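**Student:** Chains A and B are the protein sequences, given in the same order.
Counting the first sequence from 1 gives a position; this note's numbering is that position plus 73.
Counting the second sequence from 1 gives a position; this note's numbering is that position plus 73.
2 protein chains.
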Amino acid sequence: MGKQEKYKPKSISGYPEWLPEQRAMEVRWMDMIRETFESYGYCNIETPSVEELDALLAKGATDKEIYTLTRLQAEEDDSSEARLALHFDLTVPFARYTAQHFNDLIFPFKRYQMQRVWRGERPQKGRFREFYQCDIDVINIDHLPLHFDAEMPLVMHEIYQKLDLPEKVQIRMSNRKILIGYLQGLGIEDVQMTDVTRVLDKLEKIGEDAVAKELVDELGLSPDVAEKSLGLAKIKDAGEGLADAVFALGVRNETLDEGVEELSFVLKALSHLPKGDVIDDLSIVRGLDYYTGTILEACFPHDPGFGSIGSGGRYDDLTGSFINKNMPGIGVSIGLSRLFSRMIDKGYLEFDGFAPTEILVVQPSDDQYACALETGQILRKRGFNVEVFHTATKLKKQLAYAEKKKIPYIWFPPFADGKPHEVKDMQAREQCEADPNTWSPENNEKSPMQKKM
Amino acid sequence: MGKQEKYKPKSISGYPEWLPEQRAMEVRWMDMIRETFESYGYCNIETPSVEELDALLAKGATDKEIYTLTRLQAEEDDSSEARLALHFDLTVPFARYTAQHFNDLIFPFKRYQMQRVWRGERPQKGRFREFYQCDIDVINIDHLPLHFDAEMPLVMHEIYQKLDLPEKVQIRMSNRKILIGYLQGLGIEDVQMTDVTRVLDKLEKIGEDAVAKELVDELGLSPDVAEKSLGLAKIKDAGEGLADAVFALGVRNETLDEGVEELSFVLKALSHLPKGDVIDDLSIVRGLDYYTGTILEACFPHDPGFGSIGSGGRYDDLTGSFINKNMPGIGVSIGLSRLFSRMIDKGYLEFDGFAPTEILVVQPSDDQYACALETGQILRKRGFNVEVFHTATKLKKQLAYAEKKKIPYIWFPPFADGKPHEVKDMQAREQCEADPNTWSPENNEKSPMQKKM
């Protein structure tokens with residue numbers, strides 16, 4: 074090995090990395106999310122981190138920033154292989170998976186997927202380029218009942234509730250058909266549709282006047298049409314009055330009516346949730362091309378600038394890009410990393426210990442090493458997380474290690490044959506004789522071991 | 074969206090992807106591994122999937138095939154950012170992490186890490202290019218007791234035991250210092266060392282004669298030296314006779330003696346394990362440059378051609394490539410994907426259901442939809458995994474769905490107000506009245522729900 078200049082380690086912009094106590098919390102969040110998904114009968118899959126570039130572009134999602142892979146030691150004959158790229162979401166890989174494994178799946182296929190995704194953006198403050206998404210989706214053959222459109226926000230809502238965040242989360246819902254049907258009714262051409270919806274999407278961020286100005290000045294809409302477009306986007310939290318509010322604007326057509334009916338069905342199915350937790354909001358648009366019906370996003374209503382912490386919608390044509398079948402789908406994605414890092418940045422999280430260790434077995438002397446090891450194994454078999462101190466150094470040093478790591482119990486194996494074991498409760502500062510085969514923490518209430526006892 | 078030619082989904086060579094029932098098993102394996110790691114007090118971390126290329130090459134590990142990333146929509150000013158590459162193992166990122174977060178960690182720093190790694194190899198049958206590794210490592214400041222060298226194979230052994238594989242696994246151990254010291258004693262130059270060890274490493278695969286021939290013909294060793302080199306590599310399962318067997322070969326020096334002493338210490342600490350589970354094997358070499366002492370690998374002794382299913386060793390100088398401190402480390406890595414895919418290929422695994430669902434609540438009619446949903450929520454809150462059938466279709470169709478998914482219990486909400494709930498045990502083919510607030514499966518023994526009750 075040749076001598077090299079020393080590489081100075083540093084974090085890479087957009088690639089979050091947590092300390093052990095933070096990661097322990099992230100794992101707890103993920104376990105809870107997983108359990109919740111499974112409690113609704115969703116099964117887990119994982120897809121590779123990469124797809125063929127052609128698969129990612131199958132639905133024309135070229136606005137997403139994509140990372141492609143290159144082999145460092147590539148030979149010239151490499152061109153034979155398709156170009157590989159890291160996935161930018163979990164929906165396109167899921168649609169590809171469903172088409173590819175069609176014959177091995179049971180439909181409606183309900184799956185969850187919790188993986189990292191990548192966005193090959195330029196380094197930018199506050200933008201993640203690698204982050205976790207936690208998704209549930211359903212794809213069915215030919216027909217997918219609206220009941221699933223209601224189940225998605227319900228599961229999402231349950232997860233935000235269980236996270237017990239100190240900030241209120243709101244889920245906002247719309248239906249692509251409402252906006253599309255309405256804008257069509259106003260005479261807006263299909264080619265302009267994307268631009269108009271993109272501008273309307275900014276309503277909450279830049280305000281009514283700025284949106285109106287942009288619609289007129291940049292997209293060339295007449296002031297009247299611009300105002301009417303805004304009229305729809307301003308409908309929010311209309312609840313049972315949704316249909317009346319929309320129809321009062323004077324546009325009616327089949328697409329619009331269908332959208333209103335679907336959104337009303339979904340909102341009704343969720344009406345048992347606390348008021349304001351799930352609302353209609355006709356300004357939301359969602360950037361992805363593949364959505365066709367229900368769309369939703371979760372946000373902090375008091376901080377609209379932060380953007381969404383979860384989102385999703387119905388994509389009736391996506392899987393059809395991979396297979397000659399009609400396979401409608403719907404899903405939502407919880408932006409775990411975005412949400413978790415915000416809680417860290419705001420200082421909202423209280424972390425437990427650095428390590429999962431519950432008991433430190435001290436090593437009294439080299440002679441007693443075998444006995445310390447055996448004690449550790451006995452306690453581990455009984456379900457405790459146990460470290461045996463790694464060397465027979467001064468007791469004071471071993472205790473200092475336990476203190477630093479906030480290990481709640483210290484176990485003293487016999488210092489000599491015939492002597493008893495002892496255990497010390499570090500919080501209560503009490504020490505007593507104990508048998509590793511039968512001991513259990515007295516104070517179950519506060520003990521981290523409670524879950525295992 | 075423009076019309077495009079349909080992309081035909083296919084698997085990508087080297088990127089494994091499992092069906093839902095297989096993935097459920099993989100998750101169970103990973104949960105067990107995680108619990109075992111934590112039972113020894115190791116804390117979890119995750120590092121980003123990418124490192125700066127310079128970090129990966131800090132220790133000169135250029136023989137590894139590396140994938141670098143390119144932004145699909147890269148601009149010209151991109152050159153300002155360092156080149157990013159996917160990590161090829163979890164050891165180098167861990168060493169970088171430890172150096173970078175030095176002030177926030179508690180030493181000895183014991184961590185586990187279960188992540189995908191990537192090897193940018195040419196597509197090749199049977200070679201993974203993306204796979205999971207499950208690693209534990211310890212890094213300390215200045216001195217790392219040999220006790221950890223014994224703990225690594227102990228934890229590894231426990232995990233292979235718990236997996237209850239139908240094939241015997243053996244952990245084989247050596248120490249770099251033995252081989253290096255011995256070869257130095259034979260007068261082999263440092264520059265030739267890597268080549269000689271690489272050839273000796275093939276002993277089990279190609280046999281004694283072929284190795285001797287290669288050492289003489291290709292590396293130019295004298296037949297005498299070649300034979301003496303082989304003499305050491307042939308020492309295997311010597312147990313307590315290890316030192317005698319090595320010293321009988323007639324070479325002695327400080328490095329060799331140190332290696333023998335260290336390996337003997339570790340083997341003695343593991344002597345309580347079943348005979349043959351952990352043995353000395355002086356032919357093993359491990360390819361990675363960074364190992365300096367203890368080395369080990371796990372394999373199927375009856376199928377040496379399959380190669381290792383876990384490996385590791387001590388790397389006293391790796392972290393020092395990132396920080397001006399002396400920070401010895403040791404760790405092992407379980408090749409989860411390699412092991413898991415072999416068990417699948419051999420047909421050794423028996424899978425449970427397709428989905429985690431324990432109870433299917435049928436939807437008797439549109440009128441009873443709200444009642445079905447509520448019943449589902451009650452059962453979920455009590456810890457069951459519950460699906461509410463997604464549409465009020467014919468009962469026969471709903472039951473067929475449950476049958477296909479092997480859902481063990483069917484719940485019938487009242488078909489009309491005032492009627493009772495009923496539940497059917499699909500295995501026992503028995504149906505009876507039940508209250509969602511109090512019901513529990515009678516046959517706890519065989520029920521998948523037992524864990525939650």
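All C-beta atoms in this analysis are idealised placements derived from N, C-alpha and C, irrespective of residue type, glycine included.
Given the structure is predicted, the values throughout are model-derived calculations rather than measurements.
Does any C-beta atom of chain B lie closer than 9 Å to the C-beta of TYR88/A?
**Tutor:** True, the Cβ-Cβ gap to chain B drops below 9 Å.
**Student:** Terminal residues of the continuous alpha helix (DSSP H) containing GLN471/A?
**Tutor:** Run containing GLN471/A: 468 to 477, per the alpha helix (DSSP H) assignment.
**Student:** Helix, strand or coil for TYR185/B, going by three-state DSSP, please let me know.
**Tutor:** The answer is strand: DSSP assigns TYR185/B an E or B state.
**Student:** Classify GLU370/A as helix, strand or coil using the three-state DSSP reduction.
**Tutor:** Note: GLU370/A maps to strand in three-state DSSP.
**Student:** Following the continuous alpha helix (DSSP H) through VAL264/A, name the residue where it begins and the one where it ends.
**Tutor:** Where VAL264/A is concerned, the enclosing alpha helix (DSSP H) stretches over 263 to 273.
**Student:** By how many angstroms is the C-alpha of GLY380/A removed from the C-alpha of GLU506/A?
**Tutor:** The straight-line gap from Cα to Cα measures roughly 57 Å.
**Student:** Between GLY404/B and chain A, is the shortest Cβ-Cβ distance under 9 Å, so that the two count as touching?
**Tutor:** Not one chain A Cβ lies under 9 Å of GLY404/B.
**Student:** Give me the Cα-Cα distance between ASP508/A and ASN458/A, rounded to the nearest whole angstrom.
**Tutor:** Using only the alpha carbons, I get a separation of about 17 Å.
**Student:** Could you check if HIS220/A is buried or exposed, using at least 16 other CB atoms within 10 Å of its CB as the buried criterion?
**Tutor:** Buried is the call here.
**Student:** Give the range of the beta strand (DSSP E) segment to which THR109/A is assigned.
**Tutor:** Note, THR109/A: premise wrong, no beta strand (DSSP E); alpha helix (DSSP H) at 93 to 112.
**Student:** Exposed or buried, which one is LYS348/B when buried takes at least 16 other CB atoms within 10 Å?
**Tutor:** Answer is exposed; the Cβ neighbour count stays below 16.
**Student:** Mapping the DSSP letters down to three states, classify ASN326/B as helix, strand or coil.
**Tutor:** DSSP places ASN326/B in coil when its eight states are reduced to three.
**Student:** With the cut-off set at 9 Å, would you say GLU306/B and PRO296/B are in Cβ contact?
**Tutor:** The sequence given here has Ala at residue 306/B, not Glu. Contact flag unset, no.
**Student:** Is ALA489/B buried or exposed, if buried means 16 or more other CB atoms sit within 10 Å of its CB?
**Tutor:** ALA489/B is exposed by the Cβ-count criterion.
**Student:** By the 8 Å beta-carbon criterion, what residues does the region 156 to 175 of chain B contribute toward chain A?
**Tutor:** Result list: LEU157, ALA158, LEU159, ARG169, TYR170, ALA172, GLN173, HIS174.
**Student:** Kindly list, in the order they appear in chain B, the residues whose Cβ is closer than 8 Å to that of THR464/A.
**Tutor:** Simply PRO218, HIS220.
**Student:** Give me the DSSP bridge partner(s) of PHE485/B.
**Tutor:** Looking at the DSSP assignment, PHE485/B forms a beta bridge with GLU495/B.
**Student:** Answer yes or no: do LEU369/B and SER356/B have a C-beta to C-beta separation smaller than 9 Å?
**Tutor:** Not a contact, by the Cβ cut-off of 9 Å.
**Student:** Which bits of chain A does SER112/B rub up against, with CB to CB less than 7 Å?
**Tutor:** By Cβ distance, chain A contributes ARG453, ASN458, VAL459.
**Student:** Please report the straight-line C-alpha distance between PRO514/B and LYS492/B, rounded to a whole angstrom.
**Tutor:** Between PRO514/B and LYS492/B, the C-alpha separation is close to 21 Å.
**Student:** Are the C-beta atoms of SER394/A and some chain B residue less than 9 Å apart?
**Tutor:** By this cut-off, SER394/A is an interface position.
**Student:** LYS497/B CB to nearest chain A CB: under 9 Å?
**Tutor:** Not an interface residue.
**Student:** Kindly list, in the order they appear in chain A, the residues whose Cβ is closer than 8 Å to that of PRO181/B.
**Tutor:** Correct list: HIS463.
**Student:** What does the alpha-carbon distance come out to for the pair MET105/B and VAL100/A?
**Tutor:** For MET105/B and VAL100/A, the distance between alpha carbons rounds to 15 Å.
**Student:** Examine chain D for any beta-carbon lying closer than 9 Å to the beta-carbon of VAL339/A, and answer yes or no.
**Tutor:** Among the protein chains of the structure shown, namely A and B, there is no chain D.
**Student:** Along chain B, in chain order, which residues have C-beta atoms closer than 7 Å to that of GLU125/A?
**Tutor:** Within 7 Å Cβ-Cβ: ILE85.
**Student:** Would you verify that the beta carbon of MET326/A is, or is not, closer than 9 Å to some beta carbon of chain B?
**Tutor:** First, the residue type needs correcting, since residue 326/A is Asn and not Met in the sequence shown. Chain B contact via Cβ: absent.
**Student:** Using a Cβ-Cβ cutoff of less than 8 Å, which residues in the same chain neighbour LEU422/A once the five nearest sequence positions on both sides are dropped?
**Tutor:** Hits under 8 Å: GLN95, MET98, MET416.
**Student:** Apply the 10 Å Cβ neighbour rule to LYS519/B and answer buried if 16 or more other Cβ atoms are within range, or exposed otherwise.
**Tutor:** With a pLDDT of only 41 at LYS519/B, under the threshold of 50, the placement of this residue in the model should not be trusted; the figure read from the coordinates follows. It is exposed - the Cβ of LYS519/B has fewer than 16 other Cβ atoms within 10 Å.
**Student:** Use the C-beta contact count for ASP208/A: other C-beta atoms within 10 angstroms, 16 or more gives buried, fewer gives exposed.
**Tutor:** So ASP208/A ends up on the buried side.
**Student:** When you compare the region 80 to 90 of chain B with the region 163 to 173 of chain B, are there three or more beta-carbon pairs, one atom per stretch, that lie closer than 8 Å?
**Tutor:** No, the region 80 to 90 of chain B is not in contact with the region 163 to 173 of chain B.
**Student:** When the Cα of TYR140/A is compared with those of GLU203/A, LEU256/A, GLU281/A, which residue comes out closest?
**Tutor:** Here the closest residue by C-alpha is GLU203/A.
**Student:** Against chain B, with Cβ distances strictly below 9 Å, would TRP512/A count as a contact?
**Tutor:** Output row for TRP512/A: interface = no.
**Student:** Round the Cβ separation of GLU124/A and ALA158/A to the nearest angstrom and send it over; I've been treating them as touching at under 8 Å.
**Tutor:** Contact flag correct, Cβ pair sits at about 6 Å.
**Student:** For the region 403 to 433 of chain B, list every residue whose C-beta sits within 7 Å of some C-beta in chain A, in sequence order.
**Tutor:** Against chain A - using a Cβ distance shorter than 7 Å - the residues of the region 403 to 433 of chain B are PHE427, ALA428, PRO429, THR430.
**Student:** Which one of GLY304/B, LYS183/B, MET266/B, ASP310/B has the shortest CA to CA distance from GLN243/B?
**Tutor:** Among GLY304/B, LYS183/B, MET266/B, ASP310/B, the Cα nearest to that of GLN243/B belongs to ASP310/B.
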